[in-house]
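Residue numbers (numbering that gives the first Met the number 0): 0 to 342. Backbone N, C-alpha and C define an ideal beta-carbon position, used for all residues, glycine too. None of the values given here were measured: they were computed from a predicted structure. As structure tokens, the structure follows; a few thoughts come after it.
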Amino acid sequence: MDFTLEERSRLDFVLALRGRWADTLYPALKSQFQSDTNQADIRAAVHRQPAYPWFAFTERTSQKMLWRGVAEAVSARGPSQHGRSSGPARLVLDPELSLPDWYTDWDIHLQPGGVWRSDESADVYEHGAKLVMLGDNDDYGFHRSFTATAIPDRSYRRIADLGCGFGKSTWPLKRRFPDAEVIGIDLAAPCLRLALDRANAADLAIEFRQADGQATGFADASVDLVTSTMFIHEIPRPALVATLAECVRILAPGGLLRFLDFTRTGDPFRDIAMVEHGERNNEPFMPGLLSADVPALCEANGLCNARWVAFDERGAGRLPDCAWPQRTEWHFPWAVLEAEKAA
Ligand SMILES: C[S@@+](CC[C@H](N)C(=O)[O-])C[C@H]1O[C@@H](n2cnc3c(N)ncnc32)[C@H](O)[C@@H]1O
Numbered sequence: 000m001d002f003t004l005e006e007r008s009r010l011d012f013v014l015a016l017r018g019r020w021a022d023t024l025y026p027a028l029k030s031q032f033q034s035d036t037n038q039a040d041i042r043a044a045v046h047r048q049p050a051y052p053w054f055a056f057t058e059r060t061s062q063k064m065l066w067r068g069v070a071e072a073v074s075a076r077g078p079s080q081h082g083r084s085s086g087p088a089r090l091v092l093d094p095e096l097s098l099p100d101w102y103t104d105w106d107i108h109l110q111p112g113g114v115w116r117s118d119e120s121a122d123v124y125e126h127g128a129k130l131v132m133l134g135d136n137d138d139y140g141f142h143r144s145f146t147a148t149a150i151p152d153r154s155y156r157r158i159a160d161l162g163c164g165f166g167k168s169t170w171p172l173k174r175r176f177p178d179a180e181v182i183g184i185d186l187a188a189p190c191l192r193l194a195l196d197r198a199n200a201a202d203l204a205i206e207f208r209q210a211d212g213q214a215t216g217f218a219d220a221s222v223d224l225v226t227s228t229m230f231i232h233e234i235p236r237p238a239l240v241a242t243l244a245e246c247v248r249i250l251a252p253g254g255l256l257r258f259l260d261f262t263r264t265g266d267p268f269r270d271i272a273m274v275e276h277g278e279r280n281n282e283p284f285m286p287g288l289l290s291a292d293v294p295a296l297c298e299a300n301g302l303c304n305a306r307w308v309a310f311d312e313r314g315a316g317r318l319p320d321c322a323w324p325q326r327t328e329w330h331f332p333w334a335v336l337e338a339e340k341a342a
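Shown next, in the form of structure tokens:
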């Protein structure tokens, strides 16, 4: 989008503020916490530090300013309409699908109105999703790195990408596995309409299907690989369990599950900061994901060899030795959830 000078200045200010929150306030809070460690109640100990109010306030406020800035810029351009392009991509919407309350009750990640309300919501999500990564994912390198390093080299007949949004997680799958049938699943019709247009513009034969990840509509044992990126931290525990059960149902014997998301790192300060990031960022199910033993949930629902593997979104991608990158600034604890269905 071509921002006006005023819009750009406003967003540049927010991005600079967010940058200082990540690279200055977070290390300052961490250094204060280390000098006054009370492991018994880590949350209370973090809250006692002098930098905490600045850190917490800046975290929520800058995120709100960012999404609001993008939403106002999109709305200033008038209504948009997606989903009318022609090309190799396909769109299957389900007018009967009712969106769960837990999905519509929150402005997820502080995006005003969420990602599902209108075609403008998809525009706001597309532009905001770049800005929120502080420019690090402008070319969707995280998603390409996930596909390149976390997906084993095999011949897949059918790949399902759950919670595909406007498709940025789905395009690299089709590019790497052009002979596979690739289907992106999402609840949000506006995102799927935009996904259709973006895939057609890139000449990618992907099907985008409106469905719940808990009930995808695929036949039993008909999918070889099920993926998702930044999806499972947005669903409550019962939906996660139902989604894992659905993956077991649709995966063919020997089929693979690969989800890029977030997990605990074992660093108590970093982990509580991430729980609170979820709380302050209107990601109501993030704390539940971080406290869950997700590999155990996978195994309890019939998957095997389930584990989290650390992921470096800026460089190496999947880190097979599970060593978390050493970085001082705030950053997401990216990890790949890996599991498979017994052959
Ligand atoms: C943070 S976005 C991630 C989008 C995309 N995978 C990416 O990495 O850019 C999460 C997506 O999950 C979708 N979603 C949330 N709950 C869902 C569900 N139960 N079934 C299908 N999609 C869902 C949302 O509509 C949203 O588009």
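Alpha-carbon spacing of residue i relative to residue j, whole angstroms
| i | j | result |
| --- | --- | --- |
| Pro-267 | Ala-309 | 17 Å |
| Gly-216 | Glu-233 | 21 Å |
| Ile-107 | Ser-30 | 31 Å |
| Pro-252 | Asp-320 | 27 Å |
| Val-247 | Ala-218 | 11 Å |
| Arg-306 | Ser-8 | 43 Å |
| Pro-189 | Lys-173 | 21 Å |
| Pro-235 | Leu-98 | 14 Å |
| Pro-87 | Asp-93 | 20 Å |
| Gly-202 | Tyr-139 | Per the sequence shown, residue 202 should be read as Asp rather than Gly. One C-alpha to the other measures close to 17 Å. |
| Thr-23 | Glu-328 | 7 Å |
| Cys-297 | Phe-2 | 44 Å |
| Pro-283 | Asp-223 | 31 Å |
| His-46 | Glu-5 | 36 Å |
Residue(s) in a DSSP beta bridge with residue i
| i | result |
| --- | --- |
| Leu-259 | Thr-228, Val-335 |
| Glu-180 | Arg-157 |
| Phe-310 | Arg-317 |
| Cys-303 | Glu-339 |
| Arg-89 | Glu-206 |
| Ala-214 | Asp-211 |
| Asp-185 | Gln-209 |
| Val-222 | Leu-250 |
Near ligand 1: residue i beta-carbon under 6 Å from a heavy atom
| i | result |
| --- | --- |
| Ala-187 | yes |
| Glu-233 | yes |
| Cys-190 | yes |
| Thr-228 | yes |
| Gly-162 | yes |
| Asp-211 | yes |
| Val-114 | yes |
| Ser-168 | yes |
Spatial neighbours of residue i in its chain, beta-carbon cut-off 6 Å, leaving aside the 5 residues before and after
| i | result |
| --- | --- |
| Glu-312 | Phe-141, Trp-333 |
| Phe-207 | Leu-90, Gly-183, Leu-191, Ala-194, Leu-195 |
| Met-0 | His-126 |
| Arg-269 | none |
Cβ-based neighbour list, residue i, same chain, cut-off 7 Å, excluding 5 preceding and 5 following
| i | result |
| --- | --- |
| Glu-278 | Pro-286 |
| Ser-117 | Pro-189 |
| Asn-281 | Trp-105, Asp-106, Ile-107, His-108, Leu-109 |
| Gly-82 | Leu-90, Arg-192, Leu-195, Asp-196 |
| Ser-154 | none |
Close Cβ partners of residue i (< 8 Å) along its chain, the five nearest in sequence each way excluded
| i | result |
| --- | --- |
| Leu-96 | Leu-186, Gln-209, Ala-210, Asp-211 |
| Ser-84 | Leu-195, Asp-196, Asn-199, Ala-200 |
| Pro-294 | Ala-305, Arg-306, Trp-307, Leu-336, Ala-338 |
Residue i beta carbon near ligand 3 (any heavy atom closer than 6 Å)
| i | result |
| --- | --- |
| Ser-97 | By its list of ligands, the structure shown excludes ligand 3, since it contains just ligand 1. |
Next item on the list: Decide if the region 333-342 is in contact with the region 293-309; the criterion is three or more beta carbon pairs, one per stretch, under 8 Å apart.
Entry: Segments in contact, yes.
Margin query: If contact is defined by three or more beta carbon pairs under 8 Å, each pair taking one atom from either stretch, is the region 77-87 in contact with the region 39-47?
Written below: no
Note to self: Using a Cβ distance threshold of 8 Å, determine whether the region 192-199 contacts the region 158-177, with at least three qualifying pairs required.
What the structure shows: Verdict: yes, contact present.
Next item on the list: Specify whether the region 219-234 and the region 243-262 touch according to this definition: at least 3 beta carbon pairs, one from each stretch, less than 8 Å apart.
Entry: yes
Notebook entry, point to check: Quick check: the region 60-75 against the region 233-244, are there 3 or more CB pairs under 8 Å?
Noted result: no
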